[in-house]
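Each remark here refers to the structure printed beneath this line.
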């Protein structure tokens, strides 16, 4: 089985077609899994309630039922809306999510495109989604929407930087920007000659990991950074005028993005698709790689959602000053220390 | 030659996937079109303002308070662009590269400190 997969090398167009089909299935599935496991089950468990129980065994099919419900909802655009922009905005957000999946490696060869500048590419396209959000907020011609979109843009400005600067520490250690290269560097590394668990960068880049996760939380507009969609102040912000499936696309994109960011964090800090006891060249990773990556993604997502369910919302000025006065200086210090240690040691 | 075409192909894949993203969303919406009802009613198309009729236009003027943050953002983002290639090659540059970048970071950190002292990093 694994050897069969290893020797399978289709021409470019066929392989692209296969990748398109696989990713089109993977994106909604991952969003469903995260929504189901964390938003419904773990959240209700943390808040001492039962959560969905009726649809499917123990309520596991609740999101599918919700999807069918959204499918039947009328598609409404408000009167003064800039119709074309209004309709395209969710698609822009979904597009940014899908392009993120291109760079995420599930094993050495199970990757849509192993870009040389992988990390850089991910950080660049991740900020595309805010364009969709701005489009949605502005085109709705609603005050709440506009306010939510402006808040989202302000948040991106503040948290894009800590994220980028936190990643530089990893790039310095690995000496490459390719995501596969970073995985290899971690799993073929050793801690002062001891290679028992490879060298996952979370050990040295713990500060970077912390900053990265905080910034991811902000990019996903999840509590405690959910000012742009604060329901008690601006009634869901830029999403307020969206109904039915267009709203569902925003939801889908948010959770799929959460999954892919957890994946990127797993690749950068936890060793990605590899386990240290199996050489990275092994053919077993055709099967094992996605499983290992999925397990690590679940761990990182658990942290992300744990924070989401625990902390209350920041105020807008607190949010900005946390980024500029705490996270960015810390990230700069992290870069300097990592660089000095890299050259000296 | 082959290497260059590989490089271009990788980004062709990216473009294809961007298209797939749009197509996937449009496809889902298309499926929805078969199932969903359309029953026009004037009140449905009012924008939502917590239950009362909307006042004035939705594109009201609002003060964007974070434009100075935005300027700082541009400065630091450009810095990050310079730092990535340096980070990959740090081992080759050695102490020389390290000192160069430390100077660069120090100057920018000074800029941030200046902005901080001038009370720009305040929600005004």
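Residue numbers (our numbering), protein chains in the order written: chain A, 17 to 361; chain B, 20 to 143. For glycine and all other residues, C-beta sits at the position ideal for the given N, C-alpha and C.
In the DSSP assignment, residue 117 of chain B falls within the alpha helix (DSSP H) that extends over 109-136. Three or more pairs of CB atoms, one per stretch, sit closer than 8 Å, so the region 103-121 of chain A contacts the region 140-160 of chain A. The beta carbon of residue 188 of chain A lies closer than 6 Å to those of 354, 355, 358 in the same chain, with the five residues before and after it left out.
Pairing residue 97 of chain A with residue 166 of chain A, the inter-Cα distance amounts to about 17 Å. For the region 88-115 of chain B, the set of positions with a beta-carbon nearer than 7 Å to some beta-carbon of chain A reads 88, 89, 92, 95, 96, 99, 102, 103, 106, 107, 109, 110, 113, 114 in chain order. In the structure shown, residue 287 of chain A adopts coil according to DSSP, grouped into three states. Taking a Cβ-Cβ cut-off of 9 Å, residue 299 of chain A has no neighbours in chain B, whose nearest Cβ is about 23 Å from it.
Annotated three-state conformation of residue 67 of chain A is coil, per DSSP. A contact is defined here as three or more CB-CB pairs under 8 Å, and the region 82-91 of chain A meets this definition with respect to the region 50-59 of chain B. Taking 4 residues as the shortest admissible run, the region 79-162 of chain A contains the following complete alpha helix (DSSP H) segments, listed from N- to C-terminal end: 99-119, 134-142, 145-155.
For residue 260 of chain A, the closest C-alpha among the options B:30, B:55, B:41 is that of B:55. In this structure residue 334 of chain A is not in contact with residue 174 of chain A, their Cβ atoms being roughly 11 Å apart against a cut-off of 8 Å. Between the alpha carbons of residue 152 of chain A and residue 100 of chain A lies a gap of roughly 10 Å. In terms of beta-carbon proximity, residue 35 of chain B lines the interface with chain A, with at least one pair separated by less than 8 Å. For the pair of segments examined, the region 193-200 of chain A was found to touch the region 134-143 of chain A: the number of CB pairs separated by less than 8 Å reaches three. Interface annotation for the region 56-78 of chain B against chain A: 56, 57, 58, 63, 64, 65, 66, 67, 68, 69, 73, 76, 77, 78, criterion Cβ-Cβ distance under 8 Å. The region 35-53 of chain A makes contact with the region 263-283 of chain A, as at least three CB pairs between them are under 8 Å.
Runs of the alpha helix (DSSP H) lying entirely within the region 64-113 of chain B and spanning at least 4 residues, in chain order: 86-107. For residue 227 of chain A, same chain residues with a beta-carbon under 8 Å away, outside a window of 5 residues either side, are 178, 179, 181, 182, 343, 346, 347, 350 in chain order. With respect to the 8 Å criterion, residue 24 of chain B and residue 251 of chain A are not classified as neighbours on the basis of their beta carbons. Measuring C-alpha to C-alpha distances from residue 160 of chain A to each of A:243, A:38, A:262 identifies A:243 as the nearest. Per the coordinates, the alpha-carbon of residue 132 of chain B lies some 27 Å from the alpha-carbon of residue 240 of chain A. Taking a Cβ-Cβ cut-off of 9 Å, residue 153 of chain A has no neighbours in chain B, whose nearest Cβ is about 10 Å from it. For residue 54 of chain B, a Cβ of chain A is located within less than 8 Å of the residue's own Cβ.
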